[in-house]
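>
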Amino acid sequence: MLRTRIAPTPSGLLHAGNAVNFLLTEHLARSTGRELLLRIDDLDQERVRPAYVQDIFDQLEQLGIHWDLGPRNAEDLGTTWSQRHRLALYHGLLEELRAAGQLFACNCTRTTIARCRCAELGTDLDAPDVTWRLRLTAPCLVAFRTPHGTVSTDLAERMPPPVLRARDGRPAYQVASLADDLYFGIDLVVRGEDLFASTACQVHMAHLLGRSAFAEALFVHHRLLLDAHGAKLSKSAGAAALDRDPEGSTDVKALRELALQLAKEVA
Ligand SMILES: [Zn+2]
232 MLRTRIAPTP SGLLHAGNAV NFLLTEHLAR STGRELLLRI DDLDQERVRP
282 AYVQDIFDQL EQLGIHWDLG PRNAEDLGTT WSQRHRLALY HGLLEELRAA
332 GQLFACNCTR TTIARCRCAE LGTDLDAPDV TWRLRLTAPC LVAFRTPHGT
382 VSTDLAERMP PPVLRARDGR PAYQVASLAD DLYFGIDLVV RGEDLFASTA
432 CQVHMAHLLG RSAFAEALFV HHRLLLDAHG AKLSKSAGAA ALDRDPEGST
482 DVKALRELAL QLAKEVA
């Protein structure tokens with residue numbers, strides 16, 4: 232079964248950039264005969280609010296998006312589809328990487344990571360208060376499929392060794408996203424170009440884990456919508472949420488047109 236997904240994070244109200252990504256993904260799903268999965272990335276429970284979860288369902292309804300698989304409402308998410316139910320999957324993936332010698336313990340902060348020597352120090356992964364990072368030796372060439380052909384990039388140049396497990400033991404985004412995409416058999420990933428490095432990271436991890444079929448998936452990276460000042464829309468930067476549109480309701484038609492425009496650009 233061919234399948235793609237939309238993967239909102241309930242850590243804020245959705246904005247137009249999210250909406251256009253969802254509409255584009257649905258369009259590509261329908262035009263290529265793929266199933267559409269709704270995956271709500273609620274692993275970071277401290278940032279999840281019930282109102283943000285509800286906002287996802289409200290906005291999907293307003294946008295007229297239909298999904299074939301995934302939670303129908305907040306209750307359904309809690310009982311069945313939450314990432315909390317797949318924690319064993321994420322920890323299993325981490326253990327595989329650990330057994331393959333691909334992880335190192337790191338106690339750097341965001342500011343000292345540039346000078347990180349933890350990969351050479353060989354600190355015990357079971358030591359307290361360390362993050363688990365993925366070993367990256369330069370060059371780390373990763374290739375994956377896009378609509379414009381196979382793209383190859385040096386992951387080591389694109390990011391410092393990514394955190395795969397937080398200090399509190401929680402699996403990180405890169406792990407959960409890959410584990411879920413493998414689990415649900417996703418073969419088309421549609422995301423903003425800001426996640427290009429994440430794609431390379433996840434494909435690299437899939438190779439390390441022997442799930443090379445993931446590199447056969449198609450990855451579509453679209454440009455991001457910018458605000459009036461040319462900055463990318465983001466929840467943390469306070470981008471106008473969809474349901475706070477000055478006209479009082481979201482202009483679905485305009486968003487659909489934007490999504491179709493993006494579909495032409497990425498084809
Ligand atoms: Zn470090």
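Residue numbering for the sequence shown follows our numbering, starting at 232 and increasing by one per position.
Where a beta carbon is used, it is the ideal one built from N, C-alpha and C, also for glycine.
Any heavy atom of ligand 1 closer than 6 Å to the beta-carbon of Cys432?
False, no ligand heavy atom lies under 6 Å from that Cβ.
> For Ile271, which three-state DSSP category applies?
coil
> Consult DSSP for Ala374 and reduce its assignment to one of helix, strand or coil.
Under the three-state reduction of DSSP, Ala374 is assigned to strand.
> Identify, in the order they occur along the chain, each residue of the same chain with its Cβ nearer than 8 Å to the Cβ of Leu268, setting aside the five sequence neighbours on each side.
Shown here for Leu268: same chain residues with a beta carbon closer than 8 Å to its own, the five before and five after excluded, namely Arg234, Thr235, Arg236, Ile237, Trp298, Asp299, Leu300, Gly301, Phe415 and Ile417 in chain order.
> In whole angstroms, give me the CA-to-CA distance for Gly264 and Ser313.
26 Å
> On the three-state DSSP scale, how would you describe Gly423?
strand
> In this structure, does DSSP put Glu496 in helix, strand or coil?
helix
> The beta strand (DSSP E) that contains Ser242, what's its start and end?
Taken as a continuous stretch (DSSP letters only), Ser242 belongs to no beta strand (DSSP E), as it is neither H nor E.
> Is there contact between the region 346-357 and the region 310-326, where contact requires at least three CB pairs shorter than 8 Å?
These segments do not touch.
> Could you tell me which of Phe335, Thr384, Gly380 and Met436 sits nearest to Arg398, measuring between CA atoms?
Phe335
> Is Cys371 near ligand 1 - that is, is its Cβ less than 6 Å away from at least one heavy atom of it?
no
> Look up Leu455 in the DSSP assignment and say whether it is helix, strand or coil.
coil
> Check whether the region 406-413 touches the region 374-383, counting contact only when three or more Cβ pairs, one atom from each stretch, lie closer than 8 Å.
no
> As a quick exercise: from Ser242, Leu439, Met232 and Ala250, pick the residue whose alpha carbon is nearest that of Lys484.
Ala250
> Does the beta-carbon distance from Leu318 to Gln290 come in below 7 Å?
Contact check for Leu318 against Gln290 fails: the beta carbons are separated by 7 Å or more.
> Please list, in chain order, all residues of the same chain as Phe375 whose beta carbon is under 8 Å from its beta carbon, the five residues on each side excluded.
Thr381, Val382, Thr430, Ala431, Val434, Ala446, Ala448 and Phe450
> Pull the bridge partners of Glu266 from the DSSP assignment, please.
Arg234
> So what does Arg364 bridge to, in DSSP terms?
According to DSSP, Arg364 bridges with Phe335 and Val394.
> Taking just the CA atoms, how far does Leu455 sit from Arg475?
Caution is warranted here: a pLDDT of 49 is assigned to Arg475, below 50, making its placement in the model unreliable, and no coordinate value can be reported.
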